[in-house]
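> My questions will all concern the structure given below.
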Amino acid sequence: MLSRAATALTPFFGRLTVSSDLRARVPVGSIFVANHDSLADPAVVLAALRRLGVEPTVMAAAGLWRVPVLGRALAREGHIPVHRRSARAADALDAAAEALAGGRHVLLYGEGRLPDRRDAAPRPPEQFRTGLARLAGASGALVVPVGHAGARRISSGSTAKQLAGALTAPLRRPRCHVHVGAPMCLPTEPGPGTVAARHAVTAAWRTAVRMADRTHPEQPPRG
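In the working numbering, the protein residues as written are 27 to 249.
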């Protein structure tokens, strides 16, 4: 339902294009890792992945489970709450490993948080946390890097600017692009694995920025 809802809603807020380095169907039980720079980007990424036949289990901030209707839908569909900075944080990795073992794809954000900035310009992914590398090492799952650009044109900045952006996006319909890289095996050690994953997502992000600018030549808004 979450992927279907994202697919239905995204065209109202922007124009989405997708590219991919995939040469075959992604093996079951793979980890998709994306950059995270906007409240709008989960919908953009889910809509793009659904075009490629992927409807993943999502690891997301536990606070979303307290949102009426959305929280019940997340729980019903088996998505995974991440209780950040708490003793329960490790539970999310256990749940993700179980989902992977069951043949489900998992989508997570390597940075683990949104960037603390107000402008709408695209910038490379920030430092990744080690959870992705530890999950890949424990599960043996392949990692698929995902880069996106343009979601900050829908929603970014202060709370007021994010609301204004979401309300005006159906009129502006900004361009968003998602690029999916080729599956990769991470190094087994968490440190090198984390660095390798960030480099791969950054490469995918750079492709997404080029493709978004190719179809949306004007400069992104700042401020």
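Note that CB positions come from ideal geometry on N, CA and C, so glycine has one too.
I'd like the list of long-range same chain contacts for alanine 32, defined as Cβ closer than 6 angstroms, with 5 residues on each side in sequence excluded.
Taken in chain order, the residues that qualify are Ala69, Leu72 and Ala73.
> Under 8 angstroms, with one C-beta from each stretch per pair, do the region 56-68 and the region 107-116 reach the 3-pair mark?
No contact exists between the region 56-68 and the region 107-116.
> Give me the DSSP bridge partner(s) of valine 108.
Per DSSP, Ala87.
> May I ask you to report which of helix, strand or coil DSSP gives glutamine 245?
At glutamine 245 the pLDDT is 40, less than 50, meaning the model places this residue with poor confidence; the figure from the coordinates comes in the next sentence. It is coil, neither helix nor strand.
> Along the chain, where does the alpha helix (DSSP H) containing leucine 96 start, and where does it finish?
From DSSP, the alpha helix (DSSP H) with leucine 96 extends over 96-102.
> Out of Ser29, Gly207, Trp91 and Val93, point me to the one whose CA is closest to alanine 234's CA.
Here the closest residue by C-alpha is Gly207.
> Note the first and the last residue of the continuous beta strand (DSSP E) segment covering arginine 41.
Its beta strand (DSSP E) spans residues 41-46.
> Where does the unbroken beta strand (DSSP E) through proline 171 begin, and where does it stop?
First-last of the beta strand (DSSP E) with proline 171: 169-175.
> Would you mind working out which of Leu28, Ile57 and Glu152 sits nearest methionine 166, comparing C-alpha positions?
As written in the sequence, residue 166 is glycine, which differs from the methionine given in the question. Checked all of Leu28, Ile57 and Glu152; the closest Cα to glycine 166 is Ile57.
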